[in-house]
Amino acid sequence: MRTRTVKNMGNYTGQKLEELITEVQIQTRIQELADQISKDYAGRVPILIGVLNGSVFFLADLAKRLEIECELDFIKVSSYHSGTQSSGTVRLLKDISCIVTDRDVIIVEDIIDSGLTARFLKHRLLENSPNSVSFVSLLLKPDCLKLEFEADYVGFEVEDRFLVGYGLDLDQKFRNLPSIWAFSKDMKL
Ligand code: IMP
Ligand code: MG
45 MRTRTVKNMG
55 NYTGQKLEEL
65 ITEVQIQTRI
75 QELADQISKD
85 YAGRVPILIG
95 VLNGSVFFLA
105 DLAKRLEIEC
115 ELDFIKVSSY
125 HSGTQSSGTV
135 RLLKDISCIV
145 TDRDVIIVED
155 IIDSGLTARF
165 LKHRLLENSP
175 NSVSFVSLLL
185 KPDCLKLEFE
195 ADYVGFEVED
205 RFLVGYGLDL
215 DQKFRNLPSI
225 WAFSKDMKL
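Counted the way our numbering counts, the sequence shown spans residues 45 to 233.
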């Protein structure tokens, strides 16, 4: 297993990261998700709404592999203000610019942890009378089960560790790593 050591990040400097999901594993799974979505949405033109900033790489790779036509838009919310703890509330930082009324919407997220963000986003989009709203998340943490939020498409179920890379950040760093890495279980905050 590949490991790396955190550099130039104050208190986190020296912490060990382990590669959890490789680039090849990510891309193989995204192809499967894209095939499924292309089949499910055949003959329709969904709007993919990426949740900024974490979903940008996933949205781009997924959209390029779809065989149907689609449109792209973005929404930005915050639930993790900094560090690795969720604040428990969700704030809208940037709204979509498209009109979703009577359209098929697919929300694209990097990871579902507690499920609060996902639930907030789905309710928010349903307010504008879309034809349908579905949810695709590359990663799913086990805590989500508590909230009973069900994503329609999930890439990987992961254990409850703090993850970075492929869009996921710790204080805005590590998003540009092409694969997904986990902090050690006994990570100090
Ligand atoms: P939730 O509202 O608790 O489901 O949190 C979802 C959001 O928290 C995601 O959109 C991520 O931005 C962030 N998040 C959750 N788990 C992780 C993680 O392990 N690494 C980085 N960000 C995470
Ligand atoms: Mg996010």
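Virtual Cβ for every residue (Gly too), placed ideally from N, Cα, C.
Inter-residue spacing [alpha-carbon to alpha-carbon] between residue i and residue j
| i | j | result |
| --- | --- | --- |
| S181 | V198 | 5 Å |
| I234 | L170 | Not covered by the structure: residue 234. The range shown for the chain is 45 to 233. |
| V89 | L106 | 15 Å |
| L116 | G54 | 37 Å |
| I156 | L214 | 16 Å |
| Y113 | A86 | Per the sequence shown, residue 113 should be read as Glu rather than Tyr. Roughly 9 Å separates the two Cα atoms. |
| S223 | D154 | 13 Å |
| L221 | L64 | 12 Å |
| V50 | D204 | 20 Å |
Nearest-angstrom beta carbon gap, residue j and residue i [assumed within contact, 8 Å]
| i | j | result |
| --- | --- | --- |
| K195 | L184 | Sequence inspection shows Ala at residue 195; the Lys mentioned does not correspond to that position. Indeed they touch by this definition, with Cβ atoms about 6 Å apart. |
| R147 | I91 | 5 Å |
| L165 | L191 | With a Cβ gap of about 13 Å, L165 and L191 do not count as contacting. |
| G211 | W225 | Not quite, the Cβ-Cβ distance comes to about 12 Å (not below 8 Å), so this is no contact. |
Start and end residues, beta strand (DSSP E) containing residue i
| i | result |
| --- | --- |
| T66 | Note, T66: premise wrong, no beta strand (DSSP E); not H, not E. |
| F102 | Taken as a continuous stretch (DSSP letters only), F102 belongs to no beta strand (DSSP E), being part of the alpha helix (DSSP H) at 100 to 109. |
| F310 | The structure shown does not extend to residue 310, since the chain is modelled only from 45 through 233, so no value can be given for it. |
| T47 | 47 to 49 |
| K120 | 115 to 122 |
| R135 | 135 to 138 |
| S178 | 176 to 184 |
| V149 | 148 to 156 |
| L92 | 91 to 96 |
| F227 | 224 to 227 |
Endpoints, the alpha helix (DSSP H) within which residue i is located
| i | result |
| --- | --- |
| A162 | 160 to 170 |
Below 8 Å, how does it come out for the segment 199 to 212 and the segment 168 to 176: are there three or more Cβ pairs, yes or no? Not touching, per the Cβ criterion.
So, do the segment 86 to 96 and the segment 66 to 74 have three or more beta carbon pairs nearer to each other than 8 Å? Contact fails: fewer than three Cβ-Cβ distances are below 8 Å.
Three or more C-beta pairs under 8 Å: does that hold for the segment 132 to 145 against the segment 76 to 87? Counting C-beta pairs closer than 8 Å gives fewer than three between the segment 132 to 145 and the segment 76 to 87, which falls short of the contact rule.
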